[in-house]
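If you read the sequence shown in this note's numbering, its first letter stands for residue 1, the second for the next number, and so on. Glycine is no exception: its CB is placed at the ideal position from the N, C-alpha and C atoms. Accompanying notes for the structure given below.
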Amino acid sequence: PGEIFKFMEIPGVGPRTAKLLYEELKIKDIEQLKKLALAHKVAGLPGLKEKTEENILRGIELIEKQRKRMDLGQGWPVAQEIINGLKILPEVKKISPAGSLRRMRETIRDIDILVTSNRPAKVMEAFVKLPLIKEVLAHGPTKSSAVTKEGVQVDIRVVEPSSYGAALVYFTGSKEHNVQIRKMANQKGLKINEYGVFSAADGSASGGKNKYLAGKTEEEVYQALKLPFIPPELREDRGEIDAALKGKLPKLVELKDIKGDFHIHTQASDGAHSLEELVEAAREKDYEYIVICDHSASLPIAGGLSAKEVLKEIEAIRKLNKKLKRFRVLAGVELEILTDGKIDYNDNLLKEFDVVIAAIHSGFKQPKEVLTNRIIQVMESKYVNIIAHPTGRLFGVRNPYPLDFDKIFKTAKETNTFMEINAYPQRLDLNDENIRLAKDKGVGLVISTDTHQISQLDNMIFGVATA
Ligand SMILES: [Zn+2]
Ligand SMILES: [Zn+2]
């Protein structure tokens with residue numbers, strides 16, 4: 001039963017133990033298991049030692065900690081606020097986030113910040129007094145930890161300028177990436193840590209008197225290992241070091257490459273702003289176009305537009321375009337993929353749009369095959385250009401629904417349908433792994449923000465980072 005699988009989510013609990021827990025304790029969830037383990041009622045079950053009980057508790061603790069991860073959209077502004085608050089100090093020379101935030105992971109646990117300064121104590125003092133800090137956990141001369149009003153833990157440390165690059169590599173991670181570069185260093189008779197790259201006098205990585213070779217900048221650190229600079233977003237030990245050695249690191253999309261946004265809602269459906277306001281905001285970003293995609297008729301809860309209403313909107317867009325110079329508003333729609341795989345506007349209407357996006361907002365619990373077929377059926381319509389937020393996941397709310405991506409990407413390629421990288425930080429959908437799979441299969445991708453509020457246009461950076 002499902003309960004057994006639930007228990008198997010606890011690190012260190014295998015199927016045998018999970019079954020035992022379920023059958024012997026007659027409990028349904030991890031909550032109950034924790035209570036019993038704390039009361040020492042788990043040890044003593046047939047074949048279950050005290051040690052196992054301890055392990056179970058530790059595993060549960062780990063799960064609870066992981067639940068406290070926040071999405072990038074929550075952590076990012078906190079890091080920005082701290083960095084902006086500190087970099088105005090004359091004592092702060094260099095400052096950067098590190099850790100999973102710098103790697104732009106989709107969820108992060110805490111925020112790490114590195115600083116170089118000639119007066120570290122001053123920086124620490126200023127840090128603990130920042131208005132967003134609620135509770136100071138540790139306040140040292142070069143290292144401090146605090147929790148913000150939103151409950152985000154921030155660790156900050158001041159390092160020597162000669163170690164700044166090495167410390168950035170070290171604290172940015174990932175752990176797995178660092179293990180790999182340490183291995184490389186060892187093979188070259190070098191030693192690498194958060195202070196720099198060193199050569200060992202006797203040629204071994206461990207013994208002898210070490211001589212400092214590099215560490216000021218990350219570029220320097222990688223160079224000492226005969227590697228080109230590897231962007232933080234790639235440091236996940238997924239083949240980036242091999243690629244770097246072969247000179248085949250992918251060129252990452254950057255924010256400045258983005259010329260427009262494909263997925264924007266206006267107040268005609270569930271957005272907050274008018275067409276004109278959105279155009280102005282997009283022009284401030286130096287975009288050349290935006291695509292207006294309000295919801296279609298079958299999503300009344302989000303103000304879905306009837307055929308008549310949407311035709312009026314298209315007309316308004318065409319009219320506006322006549323007034324705009326060097327900027328285009330494209331008329332689009334976010335079409336409902338109905339539970340039976342049909343769409344809710346007919347071809348006669350669909351041909352009026354410049355861009356048609358289709359998305360699933362219902363029937364999330366259908367089996368994988370049904371969900372997959374819904375998307376495939378819609379991709380086969382000659383009017384549908386893009387599938388939005390393909391897996392429907394919403395951090396903290398909804399897991400991705402299961403899809404057969406082999407089939408979907410194959411059809412996407414055949415029908416020239418693009419997949420969206422939805423940059424809304426609770427979505428980031430497609431995620432990094434599916435993006436890679438899509439790219440390998442030659443599927444076209446668009447990064448868009450699904451903006452409902454003008455400020456959300458800024459989420460583009462999260463989509464770019466994921467891509
Ligand atoms: Zn949507
Ligand atoms: Zn949308």
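Between residue i and residue j, is the Cβ-Cβ spacing less than 8 Å?
i      : j      : result
Glu135 : Val147 : yes
Gly215 : Ser162 : yes
Ile360 : Val446 : no
Ala316 : Leu275 : yes
Gly165 : Glu218 : yes
Leu255 : Met460 : yes
Ser96  : Leu72  : no
Arg69  : Gly173 : no
Tyr345 : Leu335 : yes
Pro90  : Pro120 : no
Arg283 : Phe327 : yes
Ala438 : Phe409 : yes
Ile27  : Leu38  : no
Val305 : Glu313 : With the sequence shown as reference, residue 305 is identified as Leu, and Val is not the correct amino acid for it. Yes, Cβ-Cβ distance for Leu305 and Glu313 is below 8 Å.
Ser145 : Val152 : no
His40  : Glu53  : yes
Asn477 : Phe405 : The question about residue 477 has no answer here: the residues shown for the chain are numbered 1 through 467.
Phe7   : Leu33  : yes
His263 : Ile376 : no
Val476 : Val464 : Because the chain spans 1 through 467 in this model, residue 476 falls outside it and cannot be assessed.
Ser269 : Asp294 : yes
Asn431 : Glu106 : yes
Asn193 : Tyr222 : no
Lys368 : Leu403 : yes
Ile63  : Ile10  : yes
Are there any heavy atoms of ligand 1 lying less than 7 Å away from the beta-carbon of residue i, as far as the coordinates show?
i      : result
His389 : yes
Ala358 : no
His361 : yes
Kindly indicate which residue of the options has the alpha-carbon position closest to the one of residue i.
i      : options                        : result
Tyr289 : Gly196, Lys259, Ser306         : Lys259
Ala281 : Asp429, Thr391, Ala243, Val329 : Val329
Asn422 : Lys285, Asp261, Arg374         : Asp261
Tyr401 : Glu106, Glu9, Ile376, Ser362   : Ser362
Glu309 : Gln267, Glu284, His273         : Gln267
Lys248 : Leu227, Asp257, Lys211         : Leu227
Glu220 : Ala167, Asp270, Gln187, Asp242 : Ala167
Glu125 : Asn118, His139, Leu132, Asp112 : His139
Lys342 : Ser100, Ser296, Gly85          : Ser296
Gly391 : Gln377, Ser381, Leu428         : Residue 391 is actually Thr in this sequence, not Gly. Considering only alpha carbons, the answer is Leu428.
Leu457 : Lys351, Lys251, Tyr287, Ser100 : Tyr287
Asp450 : Lys413, His389, Phe405         : His389
Glu240 : Ser269, Val279, Asp294, Asn178 : Asn178
Lys407 : Val253, Arg398, Val370, Leu394 : Val370
Glu150 : Val158, Ile156, Pro131         : Pro131
Lys94  : Ile83, Trp76, Thr116, Gln187   : Thr116
Gly442 : Ala43, Leu349, Lys413, Gln74   : Lys413
Lys211 : Pro231, Leu190, Glu194         : Leu190
Ile82  : Lys49, Ile56, Glu61, Val128    : Val128
Lys351 : Asn373, Leu311, Trp76, Pro77   : Leu311
Ala331 : Asn321, Lys368, Val291         : Val291
Leu20  : Val355, Gln80, Leu45           : Leu45
Glu160 : Arg182, Leu62, Gly196          : Gly196
Gln80  : Glu50, Gly59, Asp112           : Asp112
Thr468 : Ser100, Gly2, Glu64            : With the chain running from 1 to 467 in the structure shown, residue 468 is simply not present.
Asn55  : Leu86, Trp76, Thr17, Gln187    : Thr17
Met419 : Thr411, Asp257, Lys188         : Thr411
Gly469 : Lys188, Thr415, Asp347         : Outside the displayed range of the chain (1 to 467) lies residue 469, so it cannot be described from this structure.
His265 : Gly75, Gln453, Val13, Tyr22    : Gln453
Any beta carbon of chain D sitting closer than 8 Å to that of residue i?
i      : result
Ser100 : Absent from the structure is chain D; it holds one protein chain and no more.
Checklist entry - What is the chain-ordered set of residues for which the beta carbon lies under 5 Å from any non-hydrogen atom of ligand 2? => result Glu334, Asp450
Item to check | Minimum length 4: unbroken alpha helix (DSSP H) runs contained in the region 230-255 | outcome: 240-245
Checklist entry - Unbroken alpha helix (DSSP H) runs of length 4 or more, entirely within the region 336-373: which are they? => result 347-350
Checklist entry - Which residue spans inside the region 393-435 form an unbroken alpha helix (DSSP H) run of at least 4? => result 405-415
Checklist entry - Which runs of the alpha helix (DSSP H), 4 residues or longer, sit entirely within the region 4-92? => result 15-25, 30-38, 50-67, 72-87
Item to check | Length at least 4, wholly inside the region 103-137: the alpha helix (DSSP H) runs in chain order | outcome: 120-128
Next on the checklist: I'd like the ranges of any beta strand (DSSP E) spanning at least 3 consecutive residues and lying wholly in the region 272-326.
Outcome noted: 289-295
Item to check | Every unbroken alpha helix (DSSP H) inside the region 151-232 [4 residues or more] | outcome: 164-172, 175-187, 218-224
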